[in-house]
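Residue numbering for the sequence shown follows this note's numbering, starting at 21 and increasing by one per position. Don't be surprised by glycine CBs; every beta carbon is placed ideally from N, CA and C. Notes follow the structure.
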Amino acid sequence: MSRRRLAPWGALAAIAVCAVVAALVAGGPGLLGALIGGGVVMLFFGATPTVLGPVAKATPTLSLLFAMIFFVTKVVALLALFLVLQRSAGESGPIDPESVSVTVIATTLAWLFLRVLDATRERTPVYDLPERHDEGDSARS
């Protein structure tokens, strides 16, 4: 059974559109900002299945704990990265902060929308159906 993975492709398309628009509006700093913003979102969302997939298969009972620790680690790393970007962006900086912001928002929305679409189209059983008993079994009891 093949799993659909539209989210990364949709995010790449959103990054490409944002990069073109940012390059037209803000020039080189806009292009750089859009690529950095898109890369951050791709790294943030793409790391989750890459890291947590093997952990969940190896120790399913600890997968929620690892997911929470990994999420907090990603949020702290993201905060540190945005503080560094904020210092390098500015009126004379090489990165356009508006391009970073718009690209992060657009890429996140594209990723989440397509991930929800993927999830609704997957045929993953979420509960077990009760077992049927044959008619002959109920007549004997």
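Straight-line Cα distance separating THR68 from THR127: 16 Å
Mind the definition here: the segment 118–125 touches the segment 35–44 only if three or more C-beta pairs lie below 8 Å; say whether that holds. yes
Run the CB neighbour count on TRP131, radius 10 Å, all protein chains shown included, and call it buried at 16 or more, exposed below. buried
Nearest candidate by alpha-carbon position, reference VAL95, set VAL61, LEU82, THR70 and ARG152: VAL61
State the Cα-Cα distance for the pair THR103 and LEU32, rounded to the nearest angstrom. Thr is not the amino acid found at residue 103; the sequence shown has Leu there. Each residue's Cα considered, the two are about 24 Å apart.
Span separating the alpha-carbon of VAL75 from that of SER83: 6 Å
Rounded straight-line distance, which links the Cα of ALA43 to that of PRO80: 45 Å
Taking VAL45 as the reference, give the member of PRO150, LEU55, LEU105 and ASP116 with the closest Cα. ASP116
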